[in-house]
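Per the numbering used here, residue 1216 is the first one in the sequence shown, and the count goes up by one each step.
Where a beta carbon is used, it is the ideal one built from N, C-alpha and C, also for glycine.
Structure, as structure tokens:
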Amino acid sequence: MREIHQGEIYRHFKNKLYQIVAVATHSETREKYVVYQALYGAFETYIRPYDMFISEVDRVKYPDVKVKYRFEKVEPEELTDSVEVPVANCEVIADTPVGKCETSKVCELQTEEKLIVDGVRVNPLLMKFFDCDSSAEQIEYLSSIRDKVDDKLVTDIAVALDITVNDGDVDEKLSSIITCLKTKARFECGRLR
């Protein structure tokens, strides 16, 4: 059986990209579901039964489709036009020149170029923000890149987090996002059951 994991990216047979947010279990029926987010448009989040997500394309309904599965896994290096190493393997390492990663190959996440997702250029700082595992890590990351943040990045983060930031300069908007993340971080301690 195919296994789906959080963070993986899949291409739907109709050629749109999605990232796995979580694999969830229904509390009553114990049925598994895949929670996934569109990597285009308004970045909407969807849920689908696990078995349906991993199923093959209905050949009766879609006879001309070339792929086997409804959702096909996409490797990170397939998402860009110039990355030489997988996105997941790229990390900023102390004393490493910008534009290089531990394998000494050019790493697009650390350059001014943008990641290509479904034909749209995505700011690598945005992608790295969503790679953070918790609100606390997101706050720390935003604080570390504060001087690189522009209005578009702040807007993209706010839209993805589904929060509204007040008008103002970039620093005021970023502070507003960090305040919201601090509130969210208070509830990530695992005490709620």
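Span of the beta strand (DSSP E) around I1235:
L1232 to T1240
Where does the unbroken alpha helix (DSSP H) through A1373 begin, and where does it stop?
D1366 to L1376
Helix, strand or coil for I1392? Go by DSSP, reduced to three states.
helix
Going by DSSP, what residue range makes up the alpha helix (DSSP H) through E1355?
S1350 to S1359
Spatially closest choice to D1346 from T1379, I1224, I1219 and V1385, by CA coordinates:
Checking every option, the nearest Cα to that of D1346 belongs to I1224.
May I have the straight-line CA-CA distance separating F1402 from S1350, to the nearest angstrom?
10 angstroms
Residues near Y1356 by beta carbon distance below 8 angstroms, same chain, minus five either side
K1343, F1344 and C1347
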